[in-house]
Amino acid sequence: MNYLTIALAKGRLGNESIKAFQKIGLGNSIDPTSRKLIFSDKENNISYIFVKPSDVVTYVQNGVADLGIVGKDILLESNANVYEILDLGFGKCKFSIAGIKNQGIYRKDEVLKVATKYPETTKQYFKERQQKIEIIKLNGSVELAPLVGLSDVIVDLVETGNTLKANGLQVIEDMFDISARLIVNRVSYRFKYDQIQNIAEKLERSLMKSDD
Amino acid sequence: MEFIKIEDEINYSKKRFQLSREIEDLFIEKSFSPINPTLFEDYESFISVNKRVKEESVVKFIHGAKILVLRPDITMNIIKNIIPRLQDNAKLKIFYNATIFKNFANLNIKEVRQMGVEYLGESSINAEREVIELALKVLKKYSDDFILEIGNSKYLNGLFNELKISREEKDKLKNLIYKKSKFELINYLKTLGLPEEKNEILINIFRLQGSINEITNLATNYFMNEEMMQAINELITINDFCEKNGLLKNIHFDLSMITELDYYEGIIFKGFYPSSNSEIISGGRYDALTKIFGKKVPAIGFSVDLDELVRTFYVRGENS
Numbered sequence: 463m464n465y466l467t468i469a470l471a472k473g474r475l476g477n478e479s480i481k482a483f484q485k486i487g488l489g490n491s492i493d494p495t496s497r498k499l500i501f502s503d504k505e506n507n508i509s510y511i512f513v514k515p516s517d518v519v520t521y522v523q524n525g526v527a528d529l530g531i532v533g534k535d536i537l538l539e540s541n542a543n544v545y546e547i548l549d550l551g552f553g554k555c556k557f558s559i560a561g562i563k564n565q566g567i568y569r570k571d572e573v574l575k576v577a578t579k580y581p582e583t584t585k586q587y588f589k590e591r592q593q594k595i596e597i598i599k600l601n602g603s604v605e606l607a608p609l610v611g612l613s614d615v616i617v618d619l620v621e622t623g624n625t626l627k628a629n630g631l632q633v634i635e636d637m638f639d640i641s642a643r644l645i646v647n648r649v650s651y652r653f654k655y656d657q658i659q660n661i662a663e664k665l666e667r668s669l670m671k672s673d674d
Numbered sequence: 119m120e121f122i123k124i125e126d127e128i129n130y131s132k133k134r135f136q137l138s139r140e141i142e143d144l145f146i147e148k149s150f151s152p153i154n155p156t157l158f159e160d161y162e163s164f165i166s167v168n169k170r171v172k173e174e175s176v177v178k179f180i181h182g183a184k185i186l187v188l189r190p191d192i193t194m195n196i197i198k199n200i201i202p203r204l205q206d207n208a209k210l211k212i213f214y215n216a217t218i219f220k221n222f223a224n225l226n227i228k229e230v231r232q233m234g235v236e237y238l239g240e241s242s243i244n245a246e247r248e249v250i251e252l253a254l255k256v257l258k259k260y261s262d263d264f265i266l267e268i269g270n271s272k273y274l275n276g277l278f279n280e281l282k283i284s285r286e287e288k289d290k291l292k293n294l295i296y297k298k299s300k301f302e303l304i305n306y307l308k309t310l311g312l313p314e315e316k317n318e319i320l321i322n323i324f325r326l327q328g329s330i331n332e333i334t335n336l337a338t339n340y341f342m343n344e345e346m347m348q349a350i351n352e353l354i355t356i357n358d359f360c361e362k363n364g365l366l367k368n369i370h371f372d373l374s375m376i377t378e379l380d381y382y383e384g385i386i387f388k389g390f391y392p393s394s395n396s397e398i399i400s401g402g403r404y405d406a407l408t409k410i411f412g413k414k415v416p417a418i419g420f421s422v423d424l425d426e427l428v429r430t431f432y433v434r435g436e437n438s
């Protein structure tokens with residue numbers, strides 16, 4: 463049997479991922495309280511590596527990891543050439559456009575200023591809708607931008623909407639539904655097809671069970 | 119690849135020279151003749167044919183009152199020069215070993231080595247046989263551990279032709295199949311409301327892979343038209359000659375295969391080594407492309423990513 467390497471995100475998404483693996487009898491070798499970054503499961507020939515969420519795609523795309531679990535937001539932003547074989551259903555939130563109440567988005571002859579941590583996704587979305595925009599790339603506290611006049615609207619991940627509400631903003635338009643995805647390296651998919659398919663099917667069945 | 123020590127650079131270059139010569143020998147052995155593609159192309163005519171190519175990705179320069187590009191692709195370059203002059207029913211087997219030029223952001227020009235063969239004028243499955251056998255030979259020369267994945271775009275195209283969907287909807291379906299994104303595909307199909315017997319195929323498209331028996335057994339349960347039937351029959355023929363060559367363990371058939379380039383119609387294939395992170399060989403039948411240049415001529419071929427092959431088999435410090 464081939465050795466499989468699975469890249470997981472450190473933090474909340476990683477903890478959810480561990481739970482998903484434990485439900486199908488894998489991942490027991492992982493100790494979430496430890497500071498170790500690699501855990502190997504000799505019995506099932508799997509090793510798990512823990513990386514920064516946005517780096518999961520890089521590890522899988524370059525073939526260092528065969529599989530990975532990552533949020534759709536990161537996939538959209540990186541436009542990576544990997545297979546997305548399963549929607550794991552956790553880590554749910556939305557990509558949304560938000561602003562001050564009654565803020566218009568689509569204007570014929572005016573450029574819309576958009577503040578965001580996700581320039582690629584934003585660019586693509588507005589291009590498809592033929593709205594000219596100017597992107598203001600921020601690294602955090604995006605909600606501040608419309609309040610201080612830095613931008614007209616923001617594009618950000620919205621989970622509960624509480625941060626928006628606390629800052630007097632509201633969702634103007636939902637763009638995409640986000641959740642955790644099981645991604646696979648293209649070459650690994652070919653050479654380790656049976657093993658990968660086996661894990662994906664088990665995960666899918668356990669998801670359906672928890673849906674009932 | 120960049121090297122600090124000159125010895126490493128020379129060894130690497132030696133390895134590349136050796137591999138490229140060995141592969142040329144394999145091509146010549148099968149009666150493919152070398153051809154030198156032109157270095158420059160007219161910008162206007164290039165862009166008019168390659169609508170999907172991004173304007174900023176080609177290397178352009180001004181010569182007199184004309185804009186020229188450094189060849190961004192070889193198959194297109196050869197086809198454009200040969201097809202208009204090719205006599206009816208003539209058969210031509212050619213190969214190339216040349217550099218293409220790509221432009222990245224900030225005027226960063228990259229040279230990419232490409233080798234490959236084109237078999238023009240042969241419409242029968244014999245062309246597939248020769249070209250696939252040659253691809254297998256190249257792959258097998260460097261390791262027994264490889265996979266040639268073979269699909270047939272006629273299967274999905276045959277299905278798409280039955281569906282009343284727009285160009286955009288078809289592209290979206292293709293993109294989701296390319297990403298092997300089953301759940302997104304299922305959700306998208308819900309919005310299209312296709313007839314059940316056709317929906318069923320798309321939902322199960324990722325299961326239509328593996329050995330030829332697995333594929334035929336499954337596919338016979340589903341809707342099938344003439345073109346789709348033909349697609350499967352062609353795969354059966356390929357399976358038979360691969361079996362005779364004793365290379366069946368290296369073949370993986372996959373009817374969900376989608377290529378990055380649109381011009382393939384018919385058999386498509388990609389060759390992989392487990393130690394490399396991208397395909398070393400990719401090719402297929404592309405009769406439709408020749409039509410753009412005046413007349414439709416049967417054409418099939420493949421290219422070898424020489425740089426990736428060298429990276430995969432170059433060992434630092436090896437004295438070859």
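Chains A and B, in that order, are what the protein sequence lines are. Going by this note's numbering, the first sequence opens with residue 463, and the numbers climb by one from there. Going by this note's numbering, the second sequence opens with residue 119, and the numbers climb by one from there. For glycine and all other residues, C-beta sits at the position ideal for the given N, C-alpha and C.
(request) Report yes or no: is there a C-beta of chain A within less than 8 angstroms of the C-beta of K292 (chain B)? (result) no
(message) Given this structure, state the Cα-to-Cα distance separating N660 (chain A) from A469 (chain A), to the nearest angstrom.
(response) 17 angstroms
(message) Spatial neighbours of E596 (chain A) within its chain, please: C-beta separation below 6 angstroms, excluding the five flanking residues on both sides.
(response) V573 and K575
(message) Quick check on N507 (chain A): buried or exposed, where buried means 16 or more other Cβ atoms within 10 Å of its Cβ?
(response) exposed
(request) Scan the segment 537-566 of chain A for residues whose Cβ lies nearer than 7 angstroms to a Cβ of chain B and list them as they occur along the chain. (result) Y545, E546, I547, L548 and D549
(request) Compute the distance between the beta-carbons of M233 (chain B) and N215 (chain B), then report whether it is under 8 angstroms. (result) yes
(message) To be precise: take each residue of the segment 644-664 of chain A, compare its Cβ to all Cβ atoms of chain B, and keep it if any distance is under 8 angstroms. Which residues remain?
(response) V646, N647, R648, V649, Y651, R652, F653 and Y655
(message) Beta-carbon within less than 6 angstroms of E546 (chain A)'s beta-carbon, same chain only, minus the 5 sequence neighbours each way: which residues are those?
(response) R643 and I645
(message) Quick check on this structure: which residue in B:E229, B:E251, B:R231 and B:I227 has the alpha carbon closest to the alpha carbon of Y237 (chain B)?
(response) B:E251
(message) Strictly below 7 angstroms CB to CB, what residues from chain B border G525 (chain A)?
(response) N395
(request) Consult DSSP for S438 (chain B) and reduce its assignment to one of helix, strand or coil. (result) For S438 (chain B), the pLDDT reaches just 46, beneath the cut-off of 50, and the residue's location in the model is therefore unreliable, although a value from the coordinates is still provided. Here S438 (chain B) sits in coil by DSSP.
(request) Could you tell me whether the segment 252-269 of chain B touches the segment 368-378 of chain B, using the rule of 3 or more Cβ pairs below 8 angstroms? (result) yes
(message) So with CB distances below 8 angstroms, who are the chain A contacts of E267 (chain B)?
(response) R652
(request) Would you decide whether D423 (chain B) is buried or exposed? Buried here means 16 or more other CB atoms lie within 10 Å of its CB. (result) buried
(request) Could you tell me the distance, in whole angstroms, from the CA atom of R648 (chain A) to the CA atom of N395 (chain B)? (result) 8 angstroms
(message) Taking 6 angstroms as the limit between beta carbons, can you name the residues of its chain near Q523 (chain A), skipping five residues before and five after?
(response) A542 and V544
(message) Using C-beta distances below 7 angstroms, list every residue in its chain close to K481 (chain A), excluding the 5 sequence neighbours before and after it, in chain order.
(response) none
(message) Which residue marks the beginning of the alpha helix (DSSP H) containing S479 (chain A), and which one marks its end?
(response) R474 to K485
(message) Is the separation between the beta-carbon of G561 (chain A) and that of D517 (chain A) shorter than 8 angstroms?
(response) no
(request) Below 8 angstroms CB to CB, which residues in the same chain sit around I536 (chain A) once its five sequence neighbours on both sides are set aside? (result) P515, S516, V518 and V519
(message) Buried or exposed for F158 (chain B), going by 16 or more other Cβ atoms inside 10 Å?
(response) exposed
(message) Using the Cβ count rule (16 or more neighbours within 10 Å means buried), how would you classify M346 (chain B)?
(response) buried
(message) Residues in the same chain with beta-carbon distance under 7 angstroms from A223 (chain B), minus the five sequence neighbours each way, listed in chain order, please.
(response) none
(request) Closer than 8 angstroms by beta-carbon distance: list the chain A residues that pair up with P392 (chain B), in chain order. (result) V649 and F653
(request) Count the other C-beta atoms from every protein chain shown that fall within 10 angstroms of the C-beta of N357 (chain B), then say buried if there are 16 or more, exposed otherwise. (result) buried
(message) So, for E140 (chain B): in the same chain, excluding its five sequence neighbours on each side, which residues have a beta-carbon less than 8 angstroms away from its beta-carbon?
(response) K259
(request) May I ask you to verify whether the segment 601-609 of chain A touches the segment 624-632 of chain A, counting CB pairs closer than 8 angstroms and requiring at least 3? (result) yes
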